[in-house]
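Below: one structure, written as structure tokens.
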Amino acid sequence: MTRGVALGLVLGTCLVGPVLGDMAEAPGVKAVMDELPRAAQRRFELWQTPAGGQLRARYRMTRVSALLYEPRVVQGELSFTTEAGGRLELRDDDADGATTTIAAGALTIAANDARLPRGGPAPDSAAGRWLQAHLLALLAAEDGEALRRDARVRVLRGGVLELTPVPGHPARQVIRELRVALHPASGEVVEWVLVEASGDVVTLALSEHRR
Amino acid sequence: MWYRPQALPAAPRTTLTSFATLAWFVAMTGLAGLLWLSGGGEGGSGLVPADHRPPMGTHVRLSLRAAEAEAAWAQIVDQLGPRLPGHRPLAPPPTEASAWRGAHMLYLHGAASAATLAERLEPTALRDTVVGLRARLASPLFAVGEDDLRRDPLGLVDNGVRDAEVRPFVTASGDLMSADGRTLLVYLRTPMPPMRLHAWISAQLASRFGVGSGIDVRVLPITANTHGGSRSVKTVVDLLAAGLAGLLLVLALGLRRVRTALVLVLAIGAGAPLVVLLAGGMDSLAAPLMVAMFAVVAGLAGPVAGGAGVGSALRGATALLPLLLLPYPVWQRWALVWLLGVVVLTLALRAVAPALLRWTRARAPGAVGSSGRPWPRAAALAVCAALLAAGTWSFGHVSGDILVEGPGDDGVGEFFRPARLAELRSVGGDGAEALASAADDAAELQALRPAALVWVDLPGALVVGEDGCEARYAGLKPLDLPGRVEHLRGLLAAQGLRADAFAEALRGLDPERQPTPDEALGGPLAGWFVAHLEPDDEKVAAISRVELRAGLDDAVVVPAGLRGPAVFEQQERRARASRLGVALVVGAWLSAFLTWLAARRLSTAITAGLIAVAAQAGALLVAVLAGFTAVTLLLPPLLLVGALAAEGAARACRPVPKDSRPGLALACVLAPALVLVASAEPAWRGFGLVLGCGAALGFTLATRAAPGLCALLRRGEGGGA
């Protein structure tokens, strides 16, 4: 009798076990990060030369667009600070220009003429997020990982850094590439060229950098 | 020599019953083998009615994992989908859709009203808009700061509508892409098995795009069973085996006869393939019911129930019949499967077990212990009243949310939750009529955004019926739009802007361009529109798809034709209390009626019904307190609790047969209930908790409270007479 009960107990416990067992989750596949080529690494080292923090500079912007009969050229003052996640302002000098602000993750473009209708923050978009994040990272000159995020990095002739949204990224529907030229000694950004998917080319030349 | 002639006379005689027993085991073993080989061990009809089930189909999720596939990724994103069988776009191709919207911006959803148009097209307003446009063009971030300028420079379309329409990101083939661009979702309506589909896609990636590795491909079939569990057949079989092992343990200890217990469990377990066959498969919803069936049948076995009559068996077999009144296909089926299963297993047990017991020369079980003293009548009444009050409170805390947790959500969830998708079929005589009907439905659905709908794929949102176009045209005619367009051209040129670059937008201001269904079916989006048309009897249906927001407010009224698990869930939430109440009341009435049939005494029947309801109320309270509030999953165990409690009460109201063991019958239920509570599946744990606690409570009430109540009612009967 005792052996029979023991047999029953053994049977019971060995069959309950599998039900109690939790199903193990398969480990996720870790994305393989590609390494930067040597030339790009050297440009990144140069780019990280300036002391971070605030930056003020003069700029001259040229837009070549199919919307315009003539290229649009404006000049203005750039101010950038890393505080509160990064704030960038591009204020055109002329009244017929505009002021562009990136602050707290939002982009605002407002005409300088107060009489004109003022819109709110730009609509959220993948391209907007990509460009804002990379411009802020570019001017902060600190976080190489942020600059490389969702971007393919190449070094063109003349040491120009080219950032392109990774293949398949929705930002590619608007942005084709962002080319950045650095000062060979100070490492400051002296020019960026934005090539849009629409064919527009925007060139922003920076001078008189003040950190 | 193995042959010993002197042993023969001691062996049991071979009789017809012996042959029947042998045949029963052989047939059941063969049936089990057939079921296993045919894969009939999984699948069922689910909790969601047929018309609310998600459409059959497959989602394919491709993820870019390694750099070697990056070069071909953009090409794959745009071209792979249409190469796959049964490819259906999840959204219109963005370029064509944007052009279509721009060309018909005066008519489609989000268009400005005639008054707003008149205001925006005033000469001064036009001048300010164009000057502001030129100013903003001075911003280097203009491209990402504006909506589609070339198509809507005047901002005539509501931004909110347009923003909502562009998410999630859509590829050129109409597939969806994640925000980081590394995951692609393709929708296929094909019956091709997942393994073959996976092989097909891998072959396409290798041959067409030259990608051998670096892309993770996952095929995620949309299953018809959206019920919150995805346990494999093996897990279900493990549960059944564990349930039988628990029964064996309890019977061995209770009867103090291991061989007798083994025989009983063997006889019950052998009938399992027949029940699986009756149920049409065994999935995670049905598994706990099967375990409970073993327990109830074991309680009806001769050595446990003794001389209990047909009434007991009937009460056990009809326990789930009230489920026929509810709209859940799996429970409707199980109401009948349970009836047939309990009857067949009980008969088989009564026929097979004695023969087996003779063969194994098992000894008769030992003596039966006596039960405790019943409670005073007032205490019995008070306890029942308290339990009923607690049950009423618990009614307000039940939910139906577990219904639509689909197993495929893990892979597709970043785009939408498949289990929350709903479809609306707009029927018409032909494609154009169906699209016109879809346009009316789309207007109704658009009104639910964004509060109730997360994602939409509405062909009707891009067309307007003939009547709607005519009405809108009549409203636009007094605005002299051609004249305003000419004025705008002049303003643009004056500001150095090329008017031709805005040609698409200027064409969109032409009220003669109307997005009628006929235009749509002959336009650049024709392929996408046609992909949303399906034959419907002798007519054509336009399919609109939406994703309903989780936790949808009960007050939101969705269109009547919208079908999907999430819609059913909302209906469930509204009706949960009434459905629960109906099932429990009918269950208690049935128990009382069957008791009356067996005992022919109203007092016994009323006591059985009352004890059943009280036990159910107590079990419901326990479930709610323990956080198991999915009423749909709790209904079967609650009904079983009621039937078991009624059975106990009926026994308590009449002289107890000397050879019955109600305590052991309770233990037979408690052991599988404990196995369920110890399982990893939340639905099984809730089932086990309700069944175990309810059965124990029902037993206590039946043995302690029922005699007092019965005596009280009999006095009333006597007084009345």
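Protein chains in written order, with my numbering: chain U, 4 to 214; chain Y, 723 to 1443.
Built from N, CA and C at the ideal position, the CB exists for glycine as well.
On a predicted model such as this, the values are computed, not experimentally measured, just so you know.
Residue i to residue j span [Cα, whole Å]
{"i": "L1247(Y)", "j": "R823(Y)", "result": "11 Å"}
{"i": "F1350(Y)", "j": "G1408(Y)", "result": "6 Å"}
{"i": "T912(Y)", "j": "A921(Y)", "result": "14 Å"}
{"i": "L1347(Y)", "j": "V1353(Y)", "result": "13 Å"}
{"i": "A60(U)", "j": "T893(Y)", "result": "40 Å"}
{"i": "P1129(Y)", "j": "S1006(Y)", "result": "Residue placement at P1129(Y) cannot be trusted, given a pLDDT of 49 that sits under 50; the coordinates are not used to answer."}
{"i": "A34(U)", "j": "R787(Y)", "result": "Note on A34(U): pLDDT 32, under 50, position unreliable in the model; no value is reported."}
{"i": "E764(Y)", "j": "L166(U)", "result": "Only weak support exists for where E764(Y) lies, its pLDDT of 49 falling under 50; the value from the coordinates is given anyway. One C-alpha to the other measures close to 52 Å."}
{"i": "A130(U)", "j": "D938(Y)", "result": "25 Å"}
{"i": "R46(U)", "j": "L159(U)", "result": "11 Å"}
{"i": "A114(U)", "j": "P862(Y)", "result": "13 Å"}
{"i": "L1167(Y)", "j": "V1280(Y)", "result": "8 Å"}
{"i": "G88(U)", "j": "L81(U)", "result": "17 Å"}
{"i": "T206(U)", "j": "R151(U)", "result": "21 Å"}
{"i": "I990(Y)", "j": "V1018(Y)", "result": "10 Å"}
{"i": "G1205(Y)", "j": "L812(Y)", "result": "40 Å"}
{"i": "R978(Y)", "j": "G1038(Y)", "result": "25 Å"}
{"i": "G24(U)", "j": "G965(Y)", "result": "Confidence at G24(U) is low in this model, with a pLDDT of 38, below 50, so the placement of that residue should be treated as unreliable; the coordinate-derived value is given next. When rounded, the distance between both Cα atoms is 15 Å."}
{"i": "L970(Y)", "j": "V987(Y)", "result": "6 Å"}
{"i": "P915(Y)", "j": "S929(Y)", "result": "21 Å"}
Counted within 10 angstroms of its Cβ, other Cβ atoms place residue i as buried (16 or more) or exposed
{"i": "L1069(Y)", "result": "exposed"}
{"i": "P714(Y)", "result": "The structure shown does not extend to residue 714(Y), since chain Y spans only 723 to 1443, so no value can be given for it."}
{"i": "A1101(Y)", "result": "exposed"}
{"i": "D1152(Y)", "result": "exposed"}
{"i": "L906(Y)", "result": "buried"}
{"i": "P74(U)", "result": "exposed"}
{"i": "A144(U)", "result": "buried"}
{"i": "D1163(Y)", "result": "buried"}
{"i": "R1322(Y)", "result": "exposed"}
{"i": "P168(U)", "result": "buried"}
{"i": "A1107(Y)", "result": "exposed"}
Residue i - partner residues in DSSP beta bridges
{"i": "P845(Y)", "result": "Partner(s): none; P845(Y) has no beta bridge."}
{"i": "D1240(Y)", "result": "Looking at the DSSP assignment, D1240(Y) forms no beta bridge with any residue, so it has no partner."}
{"i": "T118(U)", "result": "What sits at residue 118(U) in the sequence shown is Arg, not Thr. Answer by DSSP bridge pairing: none, since R118(U) is not bridged."}
{"i": "T206(U)", "result": "T65(U) and V196(U)"}
{"i": "L1270(Y)", "result": "L1175(Y)"}
{"i": "S1401(Y)", "result": "Bridge partners of S1401(Y): none, in fact."}
{"i": "L164(U)", "result": "V158(U) and V183(U)"}
{"i": "Q78(U)", "result": "R63(U)"}
{"i": "I937(Y)", "result": "L786(Y)"}
{"i": "T111(U)", "result": "T104(U)"}
{"i": "K1199(Y)", "result": "Answer is none; K1199(Y) lacks a bridge partner."}
{"i": "V891(Y)", "result": "Correcting the residue identity first, residue 891(Y) is Phe in this sequence and not Val. Paired residue(s): M899(Y)."}
{"i": "H809(Y)", "result": "L910(Y)"}
Proximity test, Cβ basis, 9 Å: residue i and chain A
{"i": "T838(Y)", "result": "Protein chains in the displayed structure are U and Y, and chain A is not among them."}
Task: Touching by the beta-carbon criterion (3+ pairs, under 8 Å), the segment 1167 to 1187 of chain Y and the segment 1243 to 1258 of chain Y - done: Yes, since at least three Cβ pairs between the segment 1167 to 1187 of chain Y and the segment 1243 to 1258 of chain Y fall closer than 8 Å, the two stretches touch.
TODO: Could you tell me whether the segment 817 to 836 of chain Y touches the segment 1221 to 1236 of chain Y, using the rule of 3 or more Cβ pairs below 8 Å?
DONE: yes
Task: Cβ contact (3+ pairs, closer than 8 Å) linking the segment 1383 to 1390 of chain Y and the segment 1416 to 1427 of chain Y - done: Contact between the segment 1383 to 1390 of chain Y and the segment 1416 to 1427 of chain Y is present, because at least three Cβ pairs lie under 8 Å.
Open item on the list: Give me the subset of the segment 1295 to 1323 of chain Y whose CB atoms are less than 9 Å from a CB atom of chain U, sorted by chain position.
Closed with: none
Open item on the list: So, does the segment 1257 to 1272 of chain Y touch the segment 832 to 843 of chain Y, judging by three or more C-beta pairs under 8 Å?
Closed with: The segment 1257 to 1272 of chain Y is not in contact with the segment 832 to 843 of chain Y.
Task: the segment 1292 to 1304 of chain Y contacting the segment 1188 to 1198 of chain Y, beta-carbon criterion three pairs below 8 Å - done: Because the criterion of three Cβ pairs below 8 Å is not met, the segment 1292 to 1304 of chain Y and the segment 1188 to 1198 of chain Y do not touch.
- [ ] Can you give me, in chain order, the residues of the segment 82 to 115 of chain U that have a beta carbon less than 7 Å from any beta carbon in chain Y?
- [x] L93, D95, D99, G100, A101, T103, L110, I112, A114 and N115
Task: Cβ-based contacts, 8 Å cut-off: residues of the segment 168 to 181 of chain U near chain Y - done: P168, V169, P170, G171, H172, P173, A174, R175, Q176, V177 and I178
Task: At least three beta-carbon pairs within less than 8 Å, the segment 178 to 191 of chain U to the segment 844 to 857 of chain Y - done: With the cut-off at 8 Å, the segment 178 to 191 of chain U and the segment 844 to 857 of chain Y do not touch.
Task: Inter-stretch contact at 8 Å, needing at least 3 Cβ pairs: the segment 1134 to 1146 of chain Y / the segment 1225 to 1234 of chain Y - done: no
Task: Contact list for the segment 1382 to 1407 of chain Y against chain U, Cβ threshold 8 Å - done: V1397, A1400, S1401 and A1402
Task: chain U contacts from the segment 799 to 829 of chain Y (Cβ-Cβ distance under 7 Å) - done: V799
Open item on the list: Whether or not the segment 1335 to 1345 of chain Y and the segment 1400 to 1407 of chain Y are in contact is what I'm after, with contact meaning three or more pairs of Cβ atoms, one per stretch, closer than 8 Å; do they touch?
Closed with: no
- [ ] Decide if the segment 995 to 1002 of chain Y is in contact with the segment 1053 to 1062 of chain Y; the criterion is three or more beta carbon pairs, one per stretch, under 8 Å apart.
- [x] yes
Open item on the list: Which residues of the segment 1217 to 1241 of chain Y have a Cβ closer than 7 Å to any Cβ of chain U? Give them in chain order.
Closed with: G1218, L1219, R1220 and A1223
Task: the segment 1209 to 1226 of chain Y / the segment 848 to 866 of chain Y touching (three or more Cβ pairs under 8 Å) - done: With a cut-off of 8 Å, the segment 848 to 866 of chain Y and the segment 1209 to 1226 of chain Y count as touching, because enough Cβ pairs lie within range.
Task: Under 8 Å (Cβ pairs) to chain U, residues found in the segment 851 to 866 of chain Y - done: T851, V853, G854, R856, A857, R858, L859, A860, S861, P862, L863, F864, A865 and V866
Open item on the list: So if I threshold CB-CB distances at 8 Å, which residues from the segment 998 to 1021 of chain Y count as touching chain U?
Closed with: none
- [ ] Note down, in chain order, all residues in the segment 196 to 211 of chain U with a beta-carbon under 9 Å from any beta-carbon belonging to chain Y.
- [x] Listed by position, the residues of the segment 196 to 211 of chain U near chain Y (Cβ gap below 9 Å) are L197, E199, A200, S201, D203, V205, T206 and L207.
Open item on the list: Which residues of the segment 892 to 921 of chain Y have a Cβ closer than 7 Å to any Cβ of chain U? Give them in chain order.
Closed with: Across the segment 892 to 921 of chain Y, CB contacts with chain U closer than 7 Å involve M899, A901, D902, G903 and R904, in sequence order along the chain.
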